[in-house]
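There are 2 protein chains.
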Amino acid sequence: MQLAHGGGGRAMKQLIDLIIRPAFADPELDRCHDGAALAVDGPVAFTTDSYVVRPIIFPGGDIGSLAVNGTVNDLAMCGARPLYLSVGLILEEGLPIDTLRRVLASMHKAASAAGVRLVTGDTKVVDHGKADRIFVNTAGLGRIVAPTPIGPSSVRAGDAVILSGDIGRHGIAVMAAREGFGFETTIESDCAAVTNPVLALLEEGIAVHCLRDLTRGGLASAAVEIAETAGLAIVLDERAVPVRDDVAAACELLGFDPLHVANEGRFIAFVAPEDADRAVEVLRHHPVSAEALVAGWVEHGPSGRVSCRGALGVMRAIDMLSGEQLPRIC
Amino acid sequence: MQLAHGGGGRAMKQLIDLIIRPAFADPELDRCHDGAALAVDGPVAFTTDSYVVRPIIFPGGDIGSLAVNGTVNDLAMCGARPLYLSVGLILEEGLPIDTLRRVLASMHKAASAAGVRLVTGDTKVVDHGKADRIFVNTAGLGRIVAPTPIGPSSVRAGDAVILSGDIGRHGIAVMAAREGFGFETTIESDCAAVTNPVLALLEEGIAVHCLRDLTRGGLASAAVEIAETAGLAIVLDERAVPVRDDVAAACELLGFDPLHVANEGRFIAFVAPEDADRAVEVLRHHPVSAEALVAGWVEHGPSGRVSCRGALGVMRAIDMLSGEQLPRIC
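For the protein sequence lines, the chains are A and B, in the order given.
The first sequence runs 4 to 333 under this note's numbering.
The second sequence runs 4 to 333 under this note's numbering.
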């Protein structure tokens, strides 16, 4: 990759015509205009994330699949059916074209799996040493299908907190790939789209009040953020929260609390208490949430407090991390 | 700026709650959810651009105003009224908070001026030396108001090519700021939103076939790209193309062709020949396009050829640059 590939001239046109557009294969891109023209009907969800994960390839995924699934999941968390993604690439001079090809192919594959189209994009190239190989931004557009507003302000005391599966895999997988730890087993990222189970909850008429994917900061940060915004308290049952043995062992070795470790295919759903069992059942029909369970509940207060009942029945207070445990995991 | 500010924990929440959300002051951001929920009615335009300009502050603008105006203009080029922007920030560890504040304030000001809302965002922090101070991605959503499709495939032989004003200021302004050239006058970027004149063309019922803003690669690349996609030829009249004296002098000094130099508040419009004079008149009512004029026309072929009639009446062939003239101007 050379600076000229971002210069707006012949080299950039060749990069886009020969490498990028064919990789995404979408008729909107073939119109070669400044943006996509789309039919969208009704209320929409709009979201964005930049991805700066290091290394860009890790067990279970790469920055391409991450950039698609992460934004698809943010749309799902809005109670929306993901429809369209934009792709903004920032490439470092010297990046091998084959690496770019791999990332683009991975984006296309993840988008096809999630049922979204990559319809518009932009490519910039910066001098060697001014970026770290490749940064990807995706913005997403989805059609909101939830009948009532989904978000922290809809959470009510008494709501069940449903967790879609085991936690901590993504953060540990990235960390192990970055540092070259030789764990006995290869821990793979859980990176995946969670659209289908979320839409299933809504189609089944479950009273979903809030959804949140457990990315940076993990389950702990998600719970604290929602408790603070909603002005309510959340109690988690640590004994119910699944952590795979190899992830638990890695966390112990590294001094990490699994509650703070990032995931990319996990979410929590706040649902009316009477719908909790049915919600778990619906989620378990989908491979990505086959181990869903009730992991906690919401209480009136104190506002913003998250506590966790541990293995021995002792309650401990949960907070966001004040520092940085694991930078650049997404 | 520390890595912890991108870690998903308490430091990131403070950065967002105390610096970013107040700077943008939008109720959608105050919902603190994973995306914005928006009412959009009818066909929409969707676009994205990442901004990596160096230096991040230059005469006439900064990376913040650029990131808003650039994406607003891409929406306008789709014949759309810009409505909403997302903001993805990639910050380098060590970036002074005051620099971030300035960029955010500049984004807010530009968004207010352009009538768009900054409704959703994301912040990442990468280690010192792994980015260049600040990169910004904006994706934009607009309501298409053009009655017929706008794009290269709608261009017809005979169309007039209307240019909205003088060219070359943005590229030279950034170059001068970067290299510390002491030109006698300070050349300011033309960075501005062109929404109003574009919407005015559509409201007046002008038959607009294609619109293109003249960013990276300048007027030359825009014309070549459209000629190639449309399978038509374009003839430009160099004597009609306004270039300010100071910009022309700087180009001469640096060996640049003004046709290749970037702009951020200029566009070309392809309109039916019978509407050309009226289109120029409409554009001249708006300060940002007060010097609009007919700069060329479209011919049947040869497909993809752009030629330019120079000061002495001699025709020369125009192509995109094959290399890189001026990296990182947007």
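Glycine included, every Cβ here is placed at the ideal spot set by N, Cα and C.
| Check | Outcome |
| --- | --- |
| Suppose contacts are defined by Cβ-Cβ distances below 7 Å. Is V227/B in contact with S310/B by that definition? | no |
| Strictly below 7 Å CB to CB, what residues from chain A border M379/B? | Look at the range of chain B in this structure, 4 to 333, and you will see that residue 379/B is not part of it. |
| Can you give me the Cβ contacts of T388/A inside the same chain, cut-off strictly under 6 Å, excluding the 5 residues immediately before and after it? | Residue 388/A is absent from the model: chain A starts at 4 and stops at 333. |
| Can you pull the chain A neighbours of A230/B, defined as C-beta to C-beta under 7 Å? | Those do not exist, as A230/B stays about 12 Å from chain A at its closest Cβ, beyond 7 Å. |
| So with Cβ pairs under 7 Å, would you call P58/B a contact of chain A? | no |
| Three-state secondary structure (DSSP) at N140/B? | strand |
| Just the C-alpha distance for I23/A and L103/A, rounded to the nearest angstrom, thanks. | 9 Å |
| Could you pull the start and end residues of the beta strand (DSSP E) that P134/B belongs to? | For the record, residue 134/B in the displayed sequence is Ala; it is not Pro. No beta strand (DSSP E) contains A134/B, which DSSP labels as neither H nor E. |
| Reducing DSSP to helix, strand and coil, say where D125/A ends up. | strand |
| Check this for me: beta carbons of R215/A and G145/A, under 7 Å apart or not? | no |
| Which residue from E267/B, D260/B, D240/B and R247/B puts its Cα closest to that of G316/B? | D240/B |
| For I169/B, which three-state DSSP category applies? | Looking at the sequence provided, one finds Asp at residue 169/B rather than Ile. It is coil, neither helix nor strand. |
| Quick one: which chain A residues come within Cβ less than 9 Å of A39/B? | V47, A48, F49, T50 and C81 |
| Can you tell me whether T189/A is buried or exposed? The criterion is at least 16 other CB atoms within 10 Å of its CB, across all chains shown. | exposed |
| Kindly indicate which three-state DSSP category P25/A falls into: helix, strand or coil? | helix |
| For E187/B, which residues from the same chain have a beta carbon less than 8 Å from its beta carbon, with the 5 sequence-adjacent residues on both sides left out? | D249 |
| Give me the Cβ distance between I137/A and E182/A, rounded to the nearest whole Å; I'm assuming they're in contact under 8 Å. | Contact flag wrong, Cβ pair sits at about 20 Å. |
| Quick check: what's the CA-CA separation for G45/B versus P150/B? | 12 Å |
| Compare the C-alpha of I153/B against each of D20/A, L204/A, V211/A and A39/A and name the closest. | A39/A |
| In this structure, does DSSP put R104/B in helix, strand or coil? | helix |
| Kindly identify the DSSP beta-bridge partner or partners of D52/B. | T141/B |
| Count the other CB atoms within 10 Å of the CB of S224/A; is the residue buried (16 or more) or exposed (fewer)? | buried |
| Beta strand (DSSP E) containing D322/B: first to last residue? | From DSSP, D322/B is part of no beta strand (DSSP E); its letter is neither H nor E. |
| If you measure from the beta carbon of E95/B to each beta carbon in chain A, is any gap under 7 Å? | no |
| Can you tell me whether E327/A is buried or exposed? The criterion is at least 16 other CB atoms within 10 Å of its CB, across all chains shown. | buried |
| Tell me which same chain residues have a C-beta within less than 6 Å of the C-beta of L6/A, skipping the five on either side of it? | E96 and V128 |
| If you measure between the beta carbons of G10/B and V164/B, is that distance less than 7 Å? | no |
| Check the DSSP bridge columns for L214/B and list the partner residues they point to. | A272/B |
| Report yes or no: is there a C-beta of chain A within less than 7 Å of the C-beta of D29/B? | no |
| With burial defined as no fewer than 16 other Cβ atoms inside 10 Å of the residue's Cβ, what is the status of R269/B: buried or exposed? | buried |
| Based on Cα-Cα distance, which residue from P290/B, G208/B and G118/B lies nearest to L88/B? | G118/B |
| For the beta strand (DSSP E) that contains L94/A, what are its first and last residues? | A83 to E95 |
| Could you check if G221/B is buried or exposed, using at least 16 other CB atoms within 10 Å of its CB as the buried criterion? | buried |
| Using the three-state DSSP reduction, which class does D37/B fall into: helix, strand or coil? | coil |
| From which residue to which residue does the alpha helix (DSSP H) around I229/B run? | G221 to A233 |
| Looking at C-beta atoms only, is the number of pairs between the region 191-199 of chain B and the region 163-180 of chain B that lie closer than 8 Å three or more? | yes |
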